[in-house]
Amino acid sequence: MEFVTVTCQNCGSKMYVLSKCVRNVMYCTIHCLESGASSKI
């Protein structure tokens with residue numbers, strides 16, 4: 050298993066995730082996911 054560094058699309062914080070879990074858009078918390086996703090609509 051390989052860990053990679055990704056950046057939260059909402060707040061810009063770095064986090065480590067498994068490479069198989071990487072998505073095109075990543076968020077560090079549910080709060081960032083909700084606020085980031087709602088701002089795109």
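Quick note: to get the numbering used here, add 49 to the position in the sequence shown (first position is 1).
By construction, the Cβ of each residue, glycine as well, lies at the ideal position given by its N, Cα and C atoms.
Values in this document were obtained by computation on a predicted structure and should not be read as measured data.
query                                                                                                                                                                      : result
Let me confirm a value: residue 76 is counted as buried when at least 16 other C-beta atoms fall within 10 Å, else exposed. Which label applies?                           : buried
The alpha helix (DSSP H) that contains residue 83, what's its start and end?                                                                                               : 79 to 87
Which residues in the same chain have their Cβ closer than 7 Å to the Cβ of residue 55, if we skip the five residues on either side of it in sequence?                     : 64, 66, 71 and 75
CB-CB under 6 Å to residue 51, same chain, minus the five flanking residues each way: which ones, in chain order?                                                          : 68
For residue 57, collect the residues of the same chain with a Cβ closer than 7 Å to its Cβ; drop the 5 residues on either side in sequence, then sort them by chain order. : 64, 75, 76, 77 and 81
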